[in-house]
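**Student:** The structure is given below, and queries will be raised subsequently.
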Amino acid sequence: MFEARLLKSSILKKVLEAIKDLLTQATFDCDDNGIQLQAMDNSHVALVSLLLRADGFDKYRCDRNVTMGMNLGSMTKILKCAGDKDTVTMKAQDNADTVTFVFESPNQEKVSDYEMKLMNLDLEHLGIPETEYSCTIRMPSAEFARMCRDLSQFGESIVISCTKEGVKFSTSGDIGSANIKLAQTASIDKEDEAVIIEMDEPVTLTFACQYLNYFTKATSLSPQVQLSMSADVPLVVEYRIPDIGHIRYYLAPKIEE
Amino acid sequence: MSQSSIRSFFTVT
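Top to bottom, those sequences are chains F and H. The numbering of the first sequence is the working numbering, which starts it at 256 and goes up by one. The numbering of the second sequence is the working numbering, which starts it at 30 and goes up by one.
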């Protein structure tokens, strides 16, 4: 028996919003520790890794490991039926071929349940090697989203260049070029609003705007985003979801032909 | 510039 209850369905709605542009279907692996999802997008350019820890749920029970292949379009339809203040409970029997979502309004006056067929997804599972990153940049997630959106107007790629002076985001295209430089916040009063740069070695890498924009769909999950970069390895864009886990996006850099 | 695949960076488990 698997049962996981969240007091706020909005977290699950936001998680789905954050992955549905990249993935059409995905496997949710549930065990004692919580729910994990790891999948590459169709073109194998990016990888999404989601963790929702068991202790972040209002109630969590997982007697045996459960693997649930879900169509994310169908799951989105179902979660649209939940009010933001509703609690949501996901339930599945061992070896079941369906999952049930139960939504309860705050005053318990409305209870709805939606049963969804599970899919047999034979997806390969990739191991993510431990990596020491040369640069990590933390900044307000809304600022990152704004920059990606602004720069996307000019070009298809964004060059991220991190040096001891700060971090620079650049792009160029038919109409011209654009650069945004961010320096580390001088005095940190509010951690959520700070830009914090840690650099061992300078790194410059180029990434596809479209994917960075997909990742920023996670903005509402976290006030801060962390970018981790090293030469010739995928960029990691991490949003920590308060009290429950994280969503990490890995993006392969563009390379000289 | 060409887009590399992410698959080659990870190991299949």
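By construction, the Cβ of each residue, glycine as well, lies at the ideal position given by its N, Cα and C atoms.
Note down, in chain order, each residue of its chain lying with its Cβ closer than 6 Å to the Cβ of F/D296, except the 5 sequence neighbours on either side.
**Tutor:** Closer than 6 Å at Cβ, skipping near neighbours: L277.
**Student:** Apply the 10 Å Cβ neighbour rule to H/V41 and answer buried if 16 or more other Cβ atoms are within range, or exposed otherwise.
**Tutor:** Under this definition H/V41 is an exposed residue.
**Student:** Looking only at its chain, what residues have a beta carbon closer than 6 Å to the beta carbon of F/M394, apart from the 5 residues adjacent to it on each side?
**Tutor:** Contacts found: V450.
**Student:** Give the range of the alpha helix (DSSP H) segment to which F/E272 is assigned.
**Tutor:** Element bounds for F/E272: S264 to I274.
**Student:** Is DSSP giving F/L307 helix, strand or coil here?
**Tutor:** Reduced to three states, the DSSP call for F/L307 is strand.
**Student:** Per the DSSP calculation, F/Q479 is bridged to which residue(s)?
**Tutor:** Answer is F/P395, bridged to F/Q479.
**Student:** When Cβ atoms are compared, which residues of the stretch 459-477 of chain F fall closer than 8 Å to chain H?
**Tutor:** Going along the stretch 459-477 of chain F in chain order, one finds T461 and A463 with a Cβ nearer than 8 Å to chain H.
**Student:** Name the residue from F/Y494, F/D287 and F/Y469 whose alpha carbon lies nearest to the alpha carbon of F/L476.
**Tutor:** Nearest C-alpha to F/L476: F/Y494.
**Student:** So which residues of chain H does F/H299 contact, with C-beta pairs closer than 7 Å?
**Tutor:** By Cβ distance, chain H contributes S34, I35 and R36.
**Student:** Closer than 7 Å by beta-carbon distance: list the chain H residues that pair up with F/S412, in chain order.
**Tutor:** Ordered by position in chain H, the residues that pass the 7 Å Cβ test against F/S412 are M30.
**Student:** Taking C-beta to C-beta, are F/A556 and F/L506 nearer than 8 Å?
**Tutor:** What the structure shows of chain F is the stretch from 256 to 512, and residue 556 of chain F is not part of that stretch, so it cannot be assessed.
**Student:** Which same chain residues, not among the five before or five after F/T440, have their C-beta less than 8 Å away from its C-beta?
**Tutor:** So the qualifying residues of the chain are E448, A449, V450 and I451.
**Student:** Closest to F/E420 by C-alpha separation, out of F/I413, F/V414, F/L437 and F/G410, would be which residue?
**Tutor:** Nearest of F/I413, F/V414, F/L437 and F/G410 to F/E420, Cα basis: F/L437.
**Student:** Return no unless some Cβ of chain H is closer than 8 Å to the Cβ of F/A294.
**Tutor:** Answer no: the Cβ-Cβ gap between F/A294 and chain H never drops below 8 Å.
**Student:** By DSSP, does F/S485 sit in helix, in strand, or in coil?
**Tutor:** Residue state, collapsed to three classes: coil.
**Student:** Starting from the C-beta of F/L235, find all residues in its chain whose C-beta is less than 7 Å away, skip the five residues before and the five after it, and write them out in chain order.
**Tutor:** Nothing in the structure corresponds to residue 235 of chain F, since chain F is present only between 256 and 512.
**Student:** Against chain H, does F/L381 count as a neighbour if the rule is that its beta carbon must be under 8 Å from one of theirs?
**Tutor:** At least one chain H Cβ lies under 8 Å of F/L381.
**Student:** Below 7 Å CB to CB, which residues in the same chain sit around F/R319 once its five sequence neighbours on both sides are set aside?
**Tutor:** For F/R319, where only same-chain residues beyond five positions count, the Cβ hits under 7 Å are D349.
**Student:** Scan the stretch 479-500 of chain F for residues whose Cβ lies nearer than 8 Å to a Cβ of chain H and list them as they occur along the chain.
**Tutor:** Listed by position, the residues of the stretch 479-500 of chain F near chain H (Cβ gap below 8 Å) are V488 and P489.
**Student:** With C-beta atoms as the reference, is F/M402 less than 8 Å away from F/F424?
**Tutor:** Yes, the pair counts as a contact, with Cβ atoms nearer than the cut-off.
**Student:** Can you tell me which residues form a DSSP beta bridge with F/K509?
**Tutor:** BP columns for F/K509 point to F/T461 and H/Q32.
**Student:** What is the residue span of the beta strand (DSSP E) that F/G338 lies within?
**Tutor:** Premise fails: F/G338 is in no beta strand (DSSP E) and is neither H nor E.
**Student:** Kindly give me the distance between the Cβ atoms of F/T386 and F/S485, rounded to whole angstroms, as I take these residues to be in contact under 8 Å.
**Tutor:** Confirmed, Cβ separation roughly 6 Å.
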